[in-house]
Amino acid sequence: MNNKRQAYLAAPYGLWIIVCTIIPLLFILGYAVTNDAGKLTFDNLLAIADPVNLKCLMLSFKTSIITTVICLLLSYPVALILNSANIKNKSFVVFLFILPMWMNFMLRILAWQIILSNNGLLNSLLSALHIPTQHILYTEKAVILGMVYDFLPYMLLPIYNALSRINNDVIEAAKDLGANNLQVFTRVILPLTKSGVISGIIMVFVPALSSFVVSNVLGGGKVMLIGNVIEQEFTLARDWNTGSGLSIILMIFVLLAMGITQKQDNAGEGGTLI
Amino acid sequence: MKKLAKKTLSVLTTVLLILPTCFTMTGCEKAEDNSLVVLNYGKYIETDVLKRFQEETGIEVKYEEYESVEDMYAKYKAGSIDYDLICTSEYMIETLRKENELIPIDYDTLEYYDNIDPKIIEMSSSFDPTHEYTIPYFYGTVGILYNTTMVDEDTVSSWDALWNPDYDNQIVQINSQRDAFLTSLVRRGYSINSTDKTELTEAFDDLCQQKDLVYAYLQDETYECMISGDAAMAVCFSGEAAMGMEYNEDLDYCVPEEGSNVWIDSWFVPRTCKHYDAAMKFLDYMCEGEAALENFEYVWYASPNLYVKENEDEETLEDITVFPTDDILDRCELYVSYDDEMLDYTTDLWKKLKAY
Chain A
97 MNNKRQAYLA APYGLWIIVC TIIPLLFILG YAVTNDAGKL TFDNLLAIAD PVNLKCLMLS
157 FKTSIITTVI CLLLSYPVAL ILNSANIKNK SFVVFLFILP MWMNFMLRIL AWQIILSNNG
217 LLNSLLSALH IPTQHILYTE KAVILGMVYD FLPYMLLPIY NALSRINNDV IEAAKDLGAN
277 NLQVFTRVIL PLTKSGVISG IIMVFVPALS SFVVSNVLGG GKVMLIGNVI EQEFTLARDW
337 NTGSGLSIIL MIFVLLAMGI TQKQDNAGEG GTLI
Chain B
81 MKKLAKKTLS VLTTVLLILP TCFTMTGCEK AEDNSLVVLN YGKYIETDVL KRFQEETGIE
141 VKYEEYESVE DMYAKYKAGS IDYDLICTSE YMIETLRKEN ELIPIDYDTL EYYDNIDPKI
201 IEMSSSFDPT HEYTIPYFYG TVGILYNTTM VDEDTVSSWD ALWNPDYDNQ IVQINSQRDA
261 FLTSLVRRGY SINSTDKTEL TEAFDDLCQQ KDLVYAYLQD ETYECMISGD AAMAVCFSGE
321 AAMGMEYNED LDYCVPEEGS NVWIDSWFVP RTCKHYDAAM KFLDYMCEGE AALENFEYVW
381 YASPNLYVKE NEDEETLEDI TVFPTDDILD RCELYVSYDD EMLDYTTDLW KKLKAY
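Quick mapping for you: the protein sequence lines, in order, are chains A and B.
If you're matching positions, the first sequence starts at 97 in the numbering used here and goes up one per residue.
If you're matching positions, the second sequence starts at 81 in the numbering used here and goes up one per residue.
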């Protein structure tokens, strides 16, 4: 009776998933394995082997891996500091994390355009200080910066959550048993926050891999990621089949990446317990 | 099959998006009602003119706008709305003409068609060879918008300026395949409509070499970038250049000596037209002098309407950014649309360049 009722309550979500995720996915799959004439073909999937597409895919991997690593290196220490800081209202910390998301994502990226441009805020400041100006906008550096800026909260939040859930008694016990600070960190804190780190990695790496908006705005048409290639196939080349084929390939890579990290998580001792 | 599936899908999505408007659109099926469905570029008409037309004729105009030529094609091809009149770029008109999507215009019913400059009509031959389908609305050129504090006029009199290493990281190339290739083709003395693959490959190699110097490939943001002085020169359309020059006195516009592209945006009647008579009235109204003048003063692209040229002040007429001189027009070519094979070939080159 209760189960039935629960199933009934889940119906709107089920419908949503079917209409907005499963059916479009089937369409994409349909386009991906057919050609212009509607005949079955694998050419669209094999299009990834084309040197240009492959190059863009590699660039996507490069930028998203760098983005993920930078996010991790920035987030972990901050999460540690915030967690140990003597802030009475912990929800205020979470509020700080979410604050940037109050502003529309496109606006924030456009703001970077103004900051980084040749005559932008940054270069005005640098030249006022007699430091050589930098050429950052419309390069890979700008794209990575934009992604880090955009995805940072998604790394910070899960790590902070994992940290805040560690019971202080565990750390004290470790210290009682003779562990020094470094040992407490590597043998206790790090393993206990592994699940947070892994969900952070997934939440940053996956959108970074398929992103095309950041590279459009901050790449100035010079940085072609696989996401941009797919977008162009749909719009400029009007070739929905190749676009869909490449999308499927990208999805496979995303699933693989998630699978690998998830497996790492399961293998970890106690990681999933938290 | 693909076409059918694509059509079904786009119809489905468009129906979902358009549904609310359709309720107000009584003219969807029946032709007896006094209305007109018009599709035009965004910000491409003075709204007062539109209002007056509706008041004077009693025809209710359902006016829709689009962003890019590709958007227009997708909207039209989705088929969920029966457009009566469309205004778009010449090469897209040529594509549609080849797809048999155009209906001849009954010029005899137009009182003010004589206002249209015969020279511009003559130039329209490349996409409307029999002169029965189109009426020119605005035209302009592709050239270099440059900052006079950083670049002198002599430099930009040749497309070579865009390959000048002195301007490293100061050059904005246009983010549109045909216009970018045009700069490179014309510089080498080839036609902007070249389909010779060796010529195109040479142009492509040049563009790859240029990419190191390019600050960005932009289109809509070009004039903002130039206004703020972020770059020394930018390839852009004359209308955008005029817009940029309004905000920054240091900017100037030039069509290099080697030649360039002249484009003509024209009206045509698509096969979906259900209100032909009303469409003719609208076209006539667009050709009428005062309306054309108002439209010109709002849009600020070159108007093919002779009445506008007679009634504008000297300064405006001499502004080559707005009205290209005959000398400039003589060295410019119109685009001829690529066939499917060439389209694939050039799109591929463009992609390679962007990933280079």
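Backbone N, C-alpha and C define an ideal beta-carbon position, used for all residues, glycine too.
>> Among the candidates B:185, B:147, B:138, whose CA atom is the shortest distance from the CA of residue 347 (chain B)?
In response: The residue you call residue 347 (chain B) lines up with position 267 of the second sequence. Closest in C-alpha terms to residue 347 (chain B), from the list B:185, B:147, B:138, comes B:185.
> At what residue ranges does the region 359–419 of chain B contain a whole run of the alpha helix (DSSP H), taking only runs of 4 or more?
Replying inline: Runs of the alpha helix (DSSP H) inside the region 359–419 of chain B: 369–379, 386–391, 394–398, 406–411.
> How about residue 144 (chain A) and residue 340 (chain A): do their beta carbons lie closer than 9 Å?
Replying inline: The residue given as residue 144 (chain A) occupies position 48 in the first sequence. The residue given as residue 340 (chain A) occupies position 244 in the first sequence. Cβ distance not < 9 Å, so residue 144 (chain A) and residue 340 (chain A) don't count as in contact.
>> Suppose contacts are defined by Cβ-Cβ distances below 9 Å. Is residue 382 (chain B) in contact with residue 219 (chain B) by that definition?
In response: Within the second sequence, residue 382 (chain B) is the residue found at index 302, counting from 1. Within the second sequence, residue 219 (chain B) is the residue found at index 139, counting from 1. At the C-beta level, residue 382 (chain B) and residue 219 (chain B) come within 9 Å of one another.
> Any idea if residue 226 (chain A) is buried or exposed, counting beta-carbon neighbours within 10 angstroms, 16 or more meaning buried?
Replying inline: Residue 226 (chain A) sits at position 130 when you count from the first residue of the first sequence. Burial call: exposed.
> Quick one: which chain A residues come within Cβ less than 8 Å of residue 298 (chain B)?
Replying inline: Your numbering for residue 298 (chain B) matches position 218 in the second sequence. Close partners of residue 298 (chain B) in chain A (Cβ separation under 8 Å): 316, 317.
> Between the C-alpha atoms of residue 330 (chain A) and residue 362 (chain B), what's the straight-line distance to the nearest angstrom?
Replying inline: Taking the first sequence and counting its residues from 1, one reaches residue 330 (chain A) at position 234. Taking the second sequence and counting its residues from 1, one reaches residue 362 (chain B) at position 282. Approximately 35 Å, taken between the alpha carbons.
>> Restricting to runs no shorter than 3 residues, where is the beta strand (DSSP E) found entirely within the region 210–259 of chain B?
In response: Taking only runs of at least 3 residues, the beta strand (DSSP E) segments lying wholly in the region 210–259 of chain B are 214–227, 251–254.
> First and last residue of the beta strand (DSSP E) that includes residue 350 (chain B)?
Replying inline: The residue labelled residue 350 (chain B) in the question sits at position 270 within the second sequence. Residues 340–350.
> Applying the criterion that 16 or more other CB atoms from any shown protein chain within 10 Å of the CB defines a buried residue, is residue 109 (chain B) buried or exposed?
Replying inline: Position 29 of the second sequence, counting from 1, holds the residue named residue 109 (chain B). In this predicted model, residue 109 (chain B) has a pLDDT of only 43, less than 50, meaning its place in the structure is not dependable; the value taken from the coordinates is given anyway. Label assigned to residue 109 (chain B): exposed.
> Curious, which full-length beta strand (DSSP E) runs of at least 3 residues does the region 140–196 of chain A contain?
Replying inline: Residue ranges of uninterrupted beta strand (DSSP E) with 3 or more members are absent from the region 140–196 of chain A; none lies entirely inside it.
>> For residue 359 (chain B) and residue 116 (chain B), what's the separation of their Cα atoms in angstroms?
In response: On the second sequence, residue 359 (chain B) is found 279 positions in, with the first residue counted as 1. On the second sequence, residue 116 (chain B) is found 36 positions in, with the first residue counted as 1. Looking at the two C-alpha atoms, the distance is approximately 7 Å.
> Are the CB atoms of residue 283 (chain B) and residue 399 (chain B) nearer to each other than 9 Å?
Replying inline: Numbered from 1 along the second sequence, position 203 holds the residue referred to as residue 283 (chain B). Numbered from 1 along the second sequence, position 319 holds the residue referred to as residue 399 (chain B). Not a contact, by the Cβ cut-off of 9 Å.
> With distances taken between CB atoms, is the gap from residue 159 (chain A) to residue 297 (chain A) smaller than 9 Å?
Replying inline: Here the question's residue 159 (chain A) lines up with position 63 in the first sequence. Here the question's residue 297 (chain A) lines up with position 201 in the first sequence. Contact: no.
> Cβ of residue 234 (chain A) less than 9 Å from any chain B Cβ?
Replying inline: Position 138 of the first sequence, counting from 1, holds the residue named residue 234 (chain A). Chain B, which has a Cβ nearer than 9 Å to the Cβ of residue 234 (chain A), makes this yes.
>> Taking only three categories from DSSP, how would you classify residue 187 (chain B)?
In response: Counting from one through the second sequence, the residue named residue 187 (chain B) turns up at place 107. In the structure shown, residue 187 (chain B) sits in a helix (DSSP, three-state: H, G or I).
> Does any residue of chain B bring its CB to less than 9 Å from the CB of residue 334 (chain A)?
Replying inline: As a first step, residue 334 (chain A) is located in the first sequence; it is residue number 238 there, counting from the start. It does; some Cβ of chain B falls within 9 Å.
> Looking only at its own chain, which residues have a Cβ that is under 8 Å from the Cβ of residue 122 (chain B), when we skip the five neighbours before and after it?
Replying inline: Against the second sequence, residue 122 (chain B) aligns to sequence position 42. So the list reads 145, 146, 147, once near-sequence residues are dropped.
>> Since residue 200 (chain B) and residue 413 (chain B) should fall inside the 8 Å C-beta cutoff, what is the C-beta to C-beta distance between them, to a whole number of angstroms?
In response: As a position in the second sequence, residue 200 (chain B) is number 120, starting the count at 1. As a position in the second sequence, residue 413 (chain B) is number 333, starting the count at 1. Contact between residue 200 (chain B) and residue 413 (chain B) is ruled out by a C-beta separation of about 14 Å, above the 8 Å threshold.
> How about residue 465 (chain B) and residue 371 (chain B): do their beta carbons lie closer than 9 Å?
Replying inline: For chain B, the structure presents residues 81 to 436; residue 465 (chain B) sits outside this window and is missing.
> Listing by chain order, which chain B residues have their CB less than 8 Å from the CB of residue 213 (chain A)?
Replying inline: Start at 1 with the first residue of the first sequence, and residue 213 (chain A) comes out as number 117. Neighbours of residue 213 (chain A) on chain B, chain order: 305, 308, 310.
> Around the Cβ of residue 102 (chain A), are there at least 16 other Cβ atoms within 10 angstroms (buried) or fewer (exposed)?
Replying inline: Here residue 102 (chain A) is taken as the residue at index 6 of the first sequence, counted from 1. Flag for residue 102 (chain A) reads exposed.
> So which of B:266, B:194, B:182, B:171 has the shortest CA-CA distance to residue 212 (chain B)?
Replying inline: As a first step, residue 212 (chain B) is located in the second sequence; it is residue number 132 there, counting from the start. The shortest Cα separation from residue 212 (chain B) among B:266, B:194, B:182, B:171 belongs to B:182.
> First and last residue of the beta strand (DSSP E) that includes residue 143 (chain B)?
Replying inline: Working through the second sequence from its first residue, we reach residue 143 (chain B) at position 63. Run containing residue 143 (chain B): 140–146, per the beta strand (DSSP E) assignment.
> So what's residue 81 (chain B) in DSSP terms, helix, strand or just coil?
Replying inline: By one-based count along the second sequence, residue 81 (chain B) stands at place 1. Below a pLDDT of 50, predicted positions are generally treated as unreliable, and residue 81 (chain B), at 42, falls in that range; the measurement from the model is reported next regardless. In this structure, residue 81 (chain B) counts as coil in the three-state DSSP scheme.
>> Give me the residue from B:139, B:119, B:422 with the minimum Cα distance to residue 281 (chain B).
In response: Translated into positions along the second sequence, residue 281 (chain B) becomes position 201. The shortest C-alpha to C-alpha distance from residue 281 (chain B) to any of B:139, B:119, B:422 is the one to B:422.
>> Output needed for residue 211 (chain A): all residues of its chain with C-beta closer than 8 Å, excluding positions within five of it in sequence on either side, in chain order.
In response: Start at 1 with the first residue of the first sequence, and residue 211 (chain A) comes out as number 115. Excluding positions up to five away in sequence, the list reads 217, 218.
> Using a beta-carbon distance below 9 Å, is residue 281 (chain B) in contact with chain A?
Replying inline: Translated into positions along the second sequence, residue 281 (chain B) becomes position 201. Chain A contact via Cβ: absent.
> Residue ranges of each alpha helix (DSSP H) run of no fewer than 4 residues wholly in the region 254–288 of chain B, ordered along the chain?
Replying inline: Listed in chain order, the complete alpha helix (DSSP H) runs (minimum 4 residues) inside the region 254–288 of chain B are 257–267.
> Given that residue 249 (chain B) touches chain C, what residues does it touch there, using C-beta distances under 8 Å?
Replying inline: The structure shown contains no chain C; its protein chains are A and B.
> From residue 142 (chain B) to residue 257 (chain A), what does the alpha carbon distance come to, in whole angstroms?
Replying inline: Residue 142 (chain B) sits at position 62 when you count from the first residue of the second sequence. Residue 257 (chain A) sits at position 161 when you count from the first residue of the first sequence. As the crow flies, the alpha-carbon of residue 142 (chain B) is around 54 Å from that of residue 257 (chain A).
> Does DSSP put residue 332 (chain B) in a helix, a strand or coil?
Replying inline: Counted from its first residue, the second sequence places residue 332 (chain B) at position 252. DSSP places residue 332 (chain B) in the strand class (E or B) of the three-state scheme.
>> List, in chain order, every chain A residue whose beta-carbon is nearer than 7 Å to that of residue 435 (chain B).
In response: As a position in the second sequence, residue 435 (chain B) is number 355, starting the count at 1. Near residue 435 (chain B) (Cβ distances below 7 Å), the residues of chain A are 148, 151, 152, 320.
>> With distance defined between alpha-carbon atoms, name the residue in B:302, B:318, B:320 nearest to residue 312 (chain B).
In response: Locating residue 312 (chain B) in the second sequence gives position 232, where the first residue counts as 1. Of the candidates B:302, B:318, B:320, the one whose C-alpha sits nearest the C-alpha of residue 312 (chain B) is B:302.
> Would you call the CB atoms of residue 359 (chain A) and residue 234 (chain A) closer than 9 Å?
Replying inline: Counting from one through the first sequence, the residue named residue 359 (chain A) turns up at place 263. Counting from one through the first sequence, the residue named residue 234 (chain A) turns up at place 138. Result no, Cβ atoms of residue 359 (chain A) and residue 234 (chain A) do not sit closer than 9 Å.
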